[in-house]
Amino acid sequence: MTDVQQDGRVALVTGGSRGIGAAVSRLLAARGMRVAVNYRSSQDEAEAVVASIESAGGRALAVRADVRDESAVRAMVEQVRDALGEVEVLVHNALIPYAITSFEDLSWDELGGKLEQEMRAAFLVTKAVVPGMTAAGYGRIVFLGTVLSRIPRERMITLGTSKAALSQFARYVAQELGPRGITVNVVSPGPVDDTSHAHLFSQEHKQRQAALTALGRIASPDDVARAVAFYAGDDSGFITGTTAPVNGGMAMD
Ligand SMILES: NC(=O)c1ccc[n+]([C@@H]2O[C@H](COP(=O)([O-])OP(=O)(O)OC[C@H]3O[C@@H](n4cnc5c(N)ncnc54)[C@H](OP(=O)(O)O)[C@@H]3O)[C@@H](O)[C@H]2O)c1
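This is the structure in structure tokens:
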């Protein structure tokens, strides 16, 4: 057995400094992975996630990069390779900012800008890790989508439309990379508490959203992290090109 297998796989979580990404980072580390916690500006929060992983006996590293910046993404993957090993698991979770607006008030810059940045980030991080995964004959790629790609909600047109593009991108990449032992899947949450998005809404709004679920509550970041961990691990090895709806039954297939 090599050191890599003894120490667990190397995971890169984009936007790992808070919200869903922090919960994913902690859970993957608890399951034995060495985790690179990416952030753009919130260094203290990323370092706190790393500290909590290390105090629980895990191994982690905070890595700064704006995932929309090609050279920064390349440098980040090299930094992770040098410090922890080749990235075998990519969880692309970073939340690219977006406008909350009606179609009536929407400008092309708002829609086109979100589409461009969402896809640029997904493209760059995927491009950066695929050569290493290909060489290893193993890879797990998990993208964070949203229920809003399938179920329109008032004023969420930029996020829902751009994440719909991301979901189809995931299927194309899954098809092409499958023969290399790389799986690509999407975890698609409904509203998630304790995130920057959740902080925009009142308690009453959250209660109305909870009432739309079969399970009677909205998700926690840990609910989402558990679905991500399934796709990031070996138990999902024969599942690719799929979307896991983590919405408590808010939208059923
Ligand atoms: N929250 C929800 O209700 C919900 C529902 C469905 C889907 N999702 C999806 O889940 C993912 C995570 O959302 P969240 O709500 O947990 O987000 P969040 O709490 O706002 O955290 C966003 C994370 O992304 C990082 N980030 C933002 N821009 C970045 C960039 N350009 N480069 C690198 N890192 C960047 C942030 O770090 P910095 O602070 O350093 O920028 C932070 O770590 C997103 O893809 C989102 O669309 C969320």
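Its first residue numbered 142, the sequence shown is counted upward by one per residue in my numbering.
Note that the Cβ used here is the ideal one computed from N, Cα and C, for glycine as well.
- For Y279, there is no enclosing alpha helix (DSSP H), as DSSP marks it with neither H nor E.
- In this structure, the CA atom of D335 is about 34 Å from the CA atom of L318.
- A370 and D246 have their alpha carbons spaced roughly 38 Å apart.
- V190 is a Cβ neighbour of V178, given a cutoff of 7 Å.
- Ranked by Cα distance from R159, the first of S343, A366 and Q344 is A366.
- The three-state secondary structure of V151, taken from DSSP, is strand.
- Contact check for V214 and V266: beta-carbon distance about 6 Å, within the 8 Å limit, so the pair qualifies.
- Distance from the CA of R172 to the CA of S212, rounded to the nearest whole angstrom, comes to 31 Å.
- Listed as beta-bridge partners of N179 by DSSP are V204.
- The beta carbon of D207 lies closer than 6 Å to those of R181 and A213 in the same chain, with the five residues before and after it left out.
- According to the DSSP assignment, H233 belongs to the beta strand (DSSP E) that extends over V230 to H233.
- The alpha helix (DSSP H) runs of length 4 or more contained entirely in the segment 318 to 369 are, from start to end of the chain, 344 to 352.
- Here G301 is not near N234, since their CB atoms are 7 Å or more apart.
- For A385, the enclosing beta strand (DSSP E) starts and ends at T384 to V387.
- Beyond the five residues adjoining it in sequence on each side, R200 comes within less than 6 Å, by CB distance, of R175 in the same chain, given in chain order.
- For E195, the uninterrupted alpha helix (DSSP H) segment begins and ends at Q184 to S196.
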